[in-house]
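Encoded as structure tokens, the structure appears first; notes follow it.
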Amino acid sequence: MILLLALLILVPAAAAMLRRNLVHSALLLVLSWAGLAAFYLWSGAEFVAFAQVLVYVGAVSMVVLFAVLLTRQNPDRAAPPDAAARLRAGAAVLTAAAVGAVIGHAILATPLPAAAGAPPVLTVRQLGLELMGRHAGSLLVIGALLTVALLGAVVLAAAEPGEKPGGKP
Amino acid sequence: MSPLHLCLLLSTGLFCIGLAGALSRSNAILVLLGIELMLNAANLNFIAFWRYGPAPSAGAGVVFVIFTIAVAAAEAAVGLALVIALHRHRRNLRLPEATRLKG
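Sequence order for the protein chains is Y and P. Counting the first sequence from 1 gives a position; this note's numbering is that position plus 93. Counting the second sequence from 1 gives a position; this note's numbering is that position plus 451.
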């Protein structure tokens, strides 16, 4: 089962990073995020699975698609990959493979508990009590962070005064 | 090999795909998506340790993942606003050409 989920998560992610068409990349990543939500459901973390569907599959993908469409360029202006880009891609894949080899070796060399017991039971009520009790301060900080981030995003993306829409300032 | 090993290897694979994408692509949106993939790999680790860990606590892993998802959503909003600002200033999204801080 986990191998199937891994296939569902990793193959669209790798394909998304390889595509040259940005819309295809975004849609493939939606598939990968949905696979992650399926993994969370399989692990017994239902609340996180639905949060993943709402935030990533619903919201972040829409924001990404809007950004892609707002910054769309002529397809014929997209330059074919030159030598520098090929060199950069090769170095990036090499770096990622090295990092993956190190982490994978560390994981395989670590003795981890083999027995998979019953999944821990966590009802939404318990989760709410945790969030409002022990983690109430963190919840307030996250709320403030979200507010500040959204205001900052509006300030960054808003057109500057005196700039004509669609023209050079 | 225990299920925890498999989950950790899966998250390693996801992290490496995100890392390779973020390092190799020159389009700003794809770099941001690679970073999102790496954050998702971290979330996967939290859930794996919550489910199969040696000392399962009540809900610490799930609470951590909820906070991480909130931070990732804020990061995506600010990052895509930066992408739109970059596009307004330079008319393209190629990061190797965006070498000046002052527009």
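C-beta atoms are modelled at their ideal positions from N, C-alpha and C, and glycine is treated no differently.
If we ignore side chains and look at the alpha-carbon of each, how far apart do residue i and residue j end up?
i, j, result
"residue 231 of chain Y", "residue 241 of chain Y", "15 Å"
"residue 246 of chain Y", "residue 147 of chain Y", "20 Å"
"residue 139 of chain Y", "residue 546 of chain P", "38 Å"
"residue 523 of chain P", "residue 211 of chain Y", "30 Å"
"residue 511 of chain P", "residue 222 of chain Y", "12 Å"
"residue 261 of chain Y", "residue 542 of chain P", "The predicted model places residue 261 of chain Y with a pLDDT of 46, which falls under 50 and marks its position as unreliable, so this point remains unresolved."
"residue 201 of chain Y", "residue 503 of chain P", "16 Å"
"residue 250 of chain Y", "residue 154 of chain Y", "18 Å"
"residue 497 of chain P", "residue 464 of chain P", "15 Å"
"residue 481 of chain P", "residue 551 of chain P", "20 Å"
"residue 149 of chain Y", "residue 469 of chain P", "16 Å"
Starting from the beta carbon of residue i, find every residue of chain P whose beta carbon is closer than 7 Å, and list them in chain order.
i, result
"residue 46 of chain Y", "With chain Y running from 94 to 262 in the structure shown, residue 46 of chain Y is simply not present."
"residue 160 of chain Y", "480, 531, 534 and 535"
"residue 178 of chain Y", "477"
"residue 230 of chain Y", "Simply none; closest approach about 12 Å."
"residue 148 of chain Y", "520 and 524"
So for residue i, helix, strand or coil by DSSP?
i, result
"residue 542 of chain P", "coil"
"residue 496 of chain P", "helix"
"residue 114 of chain Y", "coil"
"residue 225 of chain Y", "helix"
"residue 164 of chain Y", "coil"
"residue 261 of chain Y", "Reliability of the predicted coordinates at residue 261 of chain Y is poor, the pLDDT of 46 falling under 50, and the value obtained from them is presented with this limitation in mind. If DSSP states are grouped into helix, strand and coil, residue 261 of chain Y belongs with coil."
"residue 188 of chain Y", "helix"
"residue 109 of chain Y", "helix"
"residue 253 of chain Y", "coil"
"residue 463 of chain P", "helix"
Find the residues of chain Y that neighbour residue i, judging by a C-beta separation of less than 7 Å, and give them in chain order.
i, result
"residue 528 of chain P", "156, 242, 243 and 246"
"residue 525 of chain P", "238, 239 and 242"
"residue 468 of chain P", "103, 106, 107 and 110"
What residues of chain P sit near residue i, judged by a beta carbon separation below 8 Å?
i, result
"residue 181 of chain Y", "474, 475 and 477"
"residue 186 of chain Y", "471 and 475"
"residue 151 of chain Y", "Simply none; closest approach about 11 Å."
So which residues of chain Y does residue i contact, with C-beta pairs closer than 8 Å?
i, result
"residue 498 of chain P", "132, 133, 136, 138 and 141"
"residue 549 of chain P", "What residue 549 of chain P touches in chain Y: nothing, since even the nearest Cβ is about 13 Å away."
"residue 552 of chain P", "The contacting residues do not exist; residue 552 of chain P stays about 14 Å from chain Y at best."
"residue 546 of chain P", "Residues of chain Y passing the Cβ test: none, with the nearest at roughly 10 Å."
Since residue i sits in a beta bridge, which residues does DSSP pair it with?
i, result
"residue 555 of chain P", "This structure cannot settle anything about residue 555 of chain P, because the visible part of chain P is limited to 452 through 554."
* Going along the chain, which residues of the stretch 98-130 of chain Y sit with their C-beta nearer than 8 Å to a C-beta in chain P? -> 98, 99, 102, 103, 106, 107, 109, 110, 115, 118, 119, 122, 125, 126 and 129
* **Short-range partners of chain Y found in the stretch 501-522 of chain P, where Cβ spacing is below 9 Å** => 501, 502, 503, 504, 505, 507, 508, 509, 510, 511, 512, 513, 514, 516, 517, 518, 520, 521 and 522
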